[in-house]
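Numbering (my numbering), first residue to last: 95 to 296.
Report on the structure given below.
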Amino acid sequence: MVMVTMNIKANLRRYIDVDFFLRFFFLLMALYFFNVCYIAVIEKQGMVYSAFLDHNFNYILWIKDSLLYTSNSIVRALGVHSSIYFPDHLRTINGAWVEVAYGCLGINLFCFWVAFVLANKEPFKRKITWCIAGVIGIWFINTWRIAILLIAFNNRWKVNAVLHHETKFNIIAYSLIIFMIYLFIKDGKRRLMQGRVNKVPV
């Protein structure tokens, strides 16, 4: 049985980096469940509510407010009068509205990207740089999604005619992540080649 398992691992390593995928999987699960547990801690109705964390380190609220304020600014810049109705609504004077709930924050997408970057064997500084760049990229397209969605509702466009708007966002977001993965790998190869060139004795 042990020999069979070792043979399977050896065959898998010919085609994929098993160690990387294990690191990626466990990091992804750790980030996902950390967020789930943290939400339970900062929810006033939760069994383990912490007022200190809720009032001082509520990053869920920070992300939501940043999306609300930025999307509101985009909508206004595009000529539609909109306002924020706390805690999580963006509305126009015509009565159209968008609710920015937890599922709209893109946190699972953040987790996916951060887990991928951290699972790679790269210098820590480079990992942090790429983590931040990816999170900002996902956050940026999310602000535009919310803004365009509110404008669409305000103008009574058929936003769900072909696909649900959340499905469309996920397609765009994961396409961005795939593109960033491509750039990340390409940049890593470039750095590796530069390192080899620099080590060549003159």
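Just so it is clear, CB atoms sit at the ideal spot from N, CA and C, and this is done for glycine as well.
Assuming residue i and residue j make a contact with CB atoms under 8 Å, what is their CB distance in whole Å?
i	j	result
residue 110	residue 136	Not confirmed; about 38 Å, so no contact.
residue 162	residue 267	Rounded, the Cβ-Cβ distance is 19 Å, inconsistent with contact.
residue 271	residue 218	Actually they do not touch by this definition, with Cβ atoms about 21 Å apart.
residue 284	residue 213	Incorrect: roughly 20 Å between the Cβ atoms, too far for contact.
residue 244	residue 176	6 Å
residue 199	residue 138	Their Cβ separation, rounded to whole angstroms, is 19 Å, which puts residue 199 and residue 138 out of contact at 8 Å.
residue 121	residue 209	4 Å
residue 182	residue 195	6 Å
residue 144	residue 240	Their Cβ separation, rounded to whole angstroms, is 29 Å, which puts residue 144 and residue 240 out of contact at 8 Å.
Does any CB atom of chain B fall closer than 8 Å to the CB of residue i?
i	result
residue 237	Here there is only one protein chain, and chain B is not present.
Please report the distance separating the alpha-carbon of residue i from that of residue j.
i	j	result
residue 133	residue 141	11 Å
residue 302	residue 169	Within the shown structure, residues of the chain are numbered from 95 to 296, placing residue 302 beyond reach of any answer.
residue 287	residue 234	32 Å
residue 296	residue 146	Below a pLDDT of 50, predicted positions are generally treated as unreliable, and residue 296, at 46, falls in that range; the measurement from the model is reported next regardless. When rounded, the distance between both Cα atoms is 59 Å.
residue 216	residue 232	22 Å
What are the boundary residues of the alpha helix (DSSP H) that residue i is part of?
i	result
residue 50	This structure gives no information on residue 50, because the portion of the chain shown stretches from 95 to 296.
residue 224	218-248
residue 126	112-136
residue 205	201-213
Using DSSP bridges, identify the partner residues of residue i.
i	result
residue 176	186
residue 260	According to DSSP, which records beta bridges pairwise, residue 260 is partnered with nothing at all.
If I follow the unbroken beta strand (DSSP E) through residue i, where does it start and stop?
i	result
residue 191	191-193
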